Amino acid sequence: MLKILRQIHRIGILTEPVPAADAGMRLREALQRRILQIMGRALCVRAVDAGSCNACELELQALGNPIYNIEGLGIRFVASPRHADLLLVTGPVTAHMRDALQQTYEAVPDPKLVVAVGDCGCGGGMFGTGGASLGPVSNVIPVDVAVPGCPPSPTRLLAGILAALSPATAPAGTAGP
Amino acid sequence: MSLKTWLAAASPLGADPAIRAIRVTAEDWRRAAEDLAAAGARLLALWAQDAGAGHSAVFAVYASAGGLLLTELRCDVEGAPAAYPGLQDLFPFAGRMQRAARDLYGLSSTDPDTRPWLRHAPGEAYAFVRVEGDGVHEIPVGPVHAGIIEPGHFRFSVVGEKVLRLEERLGYAHKGVERRFLDLDVEVGCRLAARVSGDSAVAFSWAYCRALEDQTGVAPPRRANWLRALALELERVANHLGDLGALGNDAGFAFGLSQFSHLKERLLRATEEAYGQRYLLDAIVPGGVCRDLPAAAGARLAQSLAYVAAQTAVLRDIYDEHAGLRDRFVGAGTVAGPLAARLGLTGLAGRASGQAYDLRTDLRDPPYDELCAVKCGAESGDVAARVVVRFEEVFESCRLGQRIIGGLPAGEVRVAVPRPDSDGFGIGAVEGWRGPVLVALSAGRDGRIRRCHPHDPSWQNWPVLEHAVIDNIVADFPLINKSFNLSYSGHDL
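Line order of the protein sequences matches chains A and B.
Quick note: the first sequence uses this note's numbering, first residue 1, plus one each step.
Quick note: the second sequence uses this note's numbering, first residue 1001, plus one each step.
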């Protein structure tokens, strides 16, 4: 136990303190403010892998590390679509995952948001559209925000979630900044 | 025939004399498999594809002490039987590969399981094996899972908490990768290869480049080989750190997840500084690597590796002494050595069950002929053993990484790869973090891909997971599954 406490003390709090001029930090502050304004509570996110190569999943997992500390912002990944406000979907959507993705989407209570993640989720990427790959997420369910990248960095993913919460979001728009 | 005779009867496929190929009859297809299995060779991959000139064929690649051997059986020649001889009794995991070969290419084996595997028939229920008896019920899980993981379906047959049987149903991430490769330019194909399984991008893109370089007779510069090995070891460390944290978390020890995910993030940032990418999806390119490593960036990367190794040593001490973790890890998901050998458990999970194979030390392809990597292993075959192997490999890969940076030879980091003279064929195998990754590639004179088959070691290990969970409790499945951490995308193609 002593070793664990010593290690916690030695590593300290890593969540990045970003100076005011840093665009990344402004994004995170703004994100928290918007969530409080709009949701008035924690934002619950359900991640669905609709057929990705799994690189996007690695970056989604990284959002939870102490440096990005997404839970500290009030955003939580949940285990059921029925608990979710927002779906984060990686792709390309495979023909075999179409039904499962549609059912997951329908299980999320209204109003709901969808963020398509990665070059493949946004446009089919290296796998394209055709044959076993149905291409972008928007071919199967309505998408509010697309966050391209191969894979998109955790900071970009946070920016995408913010874009989904912003009322000015155009359907299938590209995440800032 | 002995292994030596088979190797002598085969001829080199490309420039590397340790990769040999032989075209066989249906009878010899079976005999070769029997002889090689008896000699202790391992089946690395089995697939069906167009064999050029309008022929269809089934291919198998074996790894032996004498190198790699490819056997090719043409299935559409006169006198060929309607179904090729199945190899499932010799290599149990071959059954699914044969089912996939039938789904994707229409060639059938003589083995009895003819259920589709990668191709799901719409509206048709999959015939799971039913377990009957008092109090037996089924728990279906997936394809959408409660976490940030890939899609797949698991069907548990349980009595109370005890798992009697697990049956996997995969193929949900099937994207038609092999078809996508067709007619791509060989340079673009390398990018697709890296995305067969994103967590093994270096292993797949390196294996792809080896296959291409072998058939064009190009030897990458020594410095490029060293930088490729550095990328491969960075990928190994990053994945192991992620898994060690997740394994702690799955056993209720959130401290482990936050500590290891912090270390992983540090390493990813150092990797980005050195290679321009957090995940090395585009680091390996035909003929070499995407960019050179300047001395200053190399020094910082070496420092990061030293930091990771030192911190991991502290955390290992904590994991080793933590009674709660020991209780969950020891004896969970055990695959004993003889069963692992029989089922062909490979890679990291195999090494945790006494299967001491590692292509880096067994084949010693450049630059591992100069680097003297140390093979890590354990015997007990449980979650604890797979944790031990990950710890050992983190230390070893950090050591190798620092040695590579410290002794990096001078010279070019990329040479041009010419178009193949004729429609060539090559094989590349690389020991990725999960196990041996193989790519078979045929490129045409126009620089376009004729056919390409990428093979992930998850093919070998998914069936063994079904055995590992027998008699364990359902609640331990996430922990056992994570201790294998197999790829869905790499398997589903």
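The beta-carbon is built from N, C-alpha and C at its ideal position, and this holds for glycine as well.
Predicted model only: the values in this text are computed from it and were never measured.
So which residues on chain A does residue i lean against when the C-beta distance must stay under 9 Å?
i, result
"R1179 (chain B)", "G130, G131 and A132"
"Q1259 (chain B)", "Q7, I8, I11 and P66"
With a threshold of 7 Å on Cβ separation, who are the neighbours of residue i within its own chain once the five nearest residues in sequence on each side are excluded?
i, result
"A1283 (chain B)", "V1202, A1231, Y1275, Q1277, V1289 and C1290"
"I1149 (chain B)", "none"
"D1076 (chain B)", "H1055 and S1056"
Quick check: the Cα distance between residue i and residue j, rounded to an integer number of angstroms?
i, j, result
"P1116 (chain B)", "G1426 (chain B)", "29 Å"
"A55 (chain A)", "G1490 (chain B)", "12 Å"
"I1019 (chain B)", "A1429 (chain B)", "10 Å"
"P4 (chain A)", "I1318 (chain B)", "It should be noted that the sequence gives Ile, not Pro, for residue 4 (chain A). Computed Cα separation, rounded: 7 Å."
"R1267 (chain B)", "R1179 (chain B)", "It should be pointed out that residue 1267 (chain B) corresponds to Leu in this sequence rather than to Arg. The alpha-carbon atoms of L1267 (chain B) and R1179 (chain B) are separated by roughly 35 Å."
"P1085 (chain B)", "Y1105 (chain B)", "16 Å"
"I70 (chain A)", "V1024 (chain B)", "57 Å"
"A1475 (chain B)", "E1161 (chain B)", "8 Å"
"G1133 (chain B)", "L1465 (chain B)", "23 Å"
"V1159 (chain B)", "G1135 (chain B)", "6 Å"
"R1223 (chain B)", "E1321 (chain B)", "42 Å"
"A100 (chain A)", "G1256 (chain B)", "33 Å"
"R26 (chain A)", "G1344 (chain B)", "Because the pLDDT of R26 (chain A) is 35, which lies under 50, any placement of that residue in the model is unreliable, and the number read from its coordinates should be weighed accordingly. For R26 (chain A) and G1344 (chain B), the distance between alpha carbons rounds to 52 Å."
"L43 (chain A)", "G72 (chain A)", "11 Å"
"A1356 (chain B)", "K1375 (chain B)", "7 Å"
"H1055 (chain B)", "F127 (chain A)", "26 Å"
"S1011 (chain B)", "A1219 (chain B)", "20 Å"
"R28 (chain A)", "I13 (chain A)", "With a pLDDT of only 43 at R28 (chain A), under 50, the local geometry of the prediction cannot be trusted, and no value is derived from it."
"S1197 (chain B)", "G1331 (chain B)", "30 Å"
"H1455 (chain B)", "A132 (chain A)", "18 Å"
"M1001 (chain B)", "L1087 (chain B)", "18 Å"
"G51 (chain A)", "A146 (chain A)", "16 Å"
"E1272 (chain B)", "S153 (chain A)", "11 Å"
"I1139 (chain B)", "A1146 (chain B)", "14 Å"
"A1340 (chain B)", "P142 (chain A)", "46 Å"
Spell out whether any CB of chain C is found under 8 Å from the CB atom of residue i.
i, result
"C44 (chain A)", "The structure shown contains no chain C; its protein chains are A and B."
I need the boundaries of the alpha helix (DSSP H) containing residue i, first residue and last residue.
i, result
"L1486 (chain B)", "Taken as a continuous stretch (DSSP letters only), L1486 (chain B) belongs to no alpha helix (DSSP H), as it is neither H nor E."
"I1449 (chain B)", "Counting along the chain, I1449 (chain B) falls outside any alpha helix (DSSP H), though it belongs to the beta strand (DSSP E) covering I1449 to H1455."
"G1245 (chain B)", "R1222 to D1250"
"G155 (chain A)", "The question names Gly, but residue 155 (chain A) is Thr in the sequence shown. That run of the alpha helix (DSSP H) goes P154 to L165."
"W1462 (chain B)", "S1458 to A1468"
"F77 (chain A)", "Taken as a continuous stretch (DSSP letters only), F77 (chain A) belongs to no alpha helix (DSSP H), being part of the beta strand (DSSP E) at I75 to F77."
"T104 (chain A)", "R98 to A107"
For residue i, which residues in the same chain have their Cβ closer than 8 Å to its Cβ, ignoring the five residues on either side in sequence?
i, result
"R82 (chain A)", "A107, V108 and P109"
Identify the continuous beta strand (DSSP E) that holds residue i and give its terminal residues.
i, result
"V1262 (chain B)", "Just to set this straight, residue 1262 (chain B) is His in the shown sequence, not Val. Note, H1262 (chain B): premise wrong, no beta strand (DSSP E); alpha helix (DSSP H) at A1254 to Y1275."
"F1093 (chain B)", "First-last for F1093 (chain B): undefined, no H or E at that position."
"V1439 (chain B)", "P1436 to A1443"
"S1056 (chain B)", "S1056 to S1064"
Taking C-beta pairs closer than 7 Å, name the residues in chain A that residue i reaches, listed in chain order.
i, result
"G1176 (chain B)", "G131, A132 and S133"
Excluding five sequence neighbours on each side, which residues of the same chain lie with their C-beta closer than 6 Å to the C-beta of residue i?
i, result
"G1347 (chain B)", "R1434, G1435 and P1457"
"P171 (chain A)", "Caution is warranted here: a pLDDT of 42 is assigned to P171 (chain A), below 50, making its placement in the model unreliable, and no coordinate value can be reported."
"T1216 (chain B)", "V1417, P1418 and P1420"
"L1090 (chain B)", "A1033 and A1037"
Would you call residue i buried or exposed, if buried means 16 or more other Cβ atoms sit within 10 Å of its Cβ?
i, result
"A20 (chain A)", "Caution is warranted here: a pLDDT of 28 is assigned to A20 (chain A), below 50, making its placement in the model unreliable, and no coordinate value can be reported."
"I1405 (chain B)", "buried"
"T94 (chain A)", "buried"
"S80 (chain A)", "exposed"
"C1372 (chain B)", "exposed"
"L1182 (chain B)", "exposed"
"L1070 (chain B)", "buried"
"T104 (chain A)", "buried"
"I1480 (chain B)", "buried"
"Q1303 (chain B)", "exposed"
"G121 (chain A)", "buried"
"M97 (chain A)", "buried"
"A1352 (chain B)", "buried"
"T1005 (chain B)", "exposed"
"S1422 (chain B)", "exposed"
Can you pull the chain A neighbours of residue i, defined as C-beta to C-beta under 8 Å?
i, result
"Y1172 (chain B)", "G51, T94, H96, M97 and A100"
"R1191 (chain B)", "M126"
"S1314 (chain B)", "In the sequence on display, residue 1314 (chain B) carries Val and not Ser. The contacting residues are K3 and Q7."
"E1150 (chain B)", "D49, S52, N54 and E57"
Anything in chain B within Cβ reach of residue i, meaning under 7 Å, just list it in chain order.
i, result
"C179 (chain A)", "Nothing can be reported for residue 179 (chain A), as the shown portion of chain A is limited to 1 through 177."
"R104 (chain A)", "According to the sequence as given, residue 104 (chain A) is Thr; it is not Arg. Those within 7 Å of T104 (chain A) in chain B are V1144."
For residue i, which residues in chain B fall below 8 Å Cβ to Cβ?
i, result
"A55 (chain A)", "R1195, G1198, D1199, A1201, Y1279 and L1281"
"S153 (chain A)", "R1278"
Give the residues of chain B in contact with residue i, contact being defined as C-beta atoms less than 9 Å apart.
i, result
"S80 (chain A)", "A1146"
"A250 (chain A)", "No statement about residue 250 (chain A) is possible, as the shown extent of chain A runs from 1 to 177 and does not include it."
"L60 (chain A)", "I1148"
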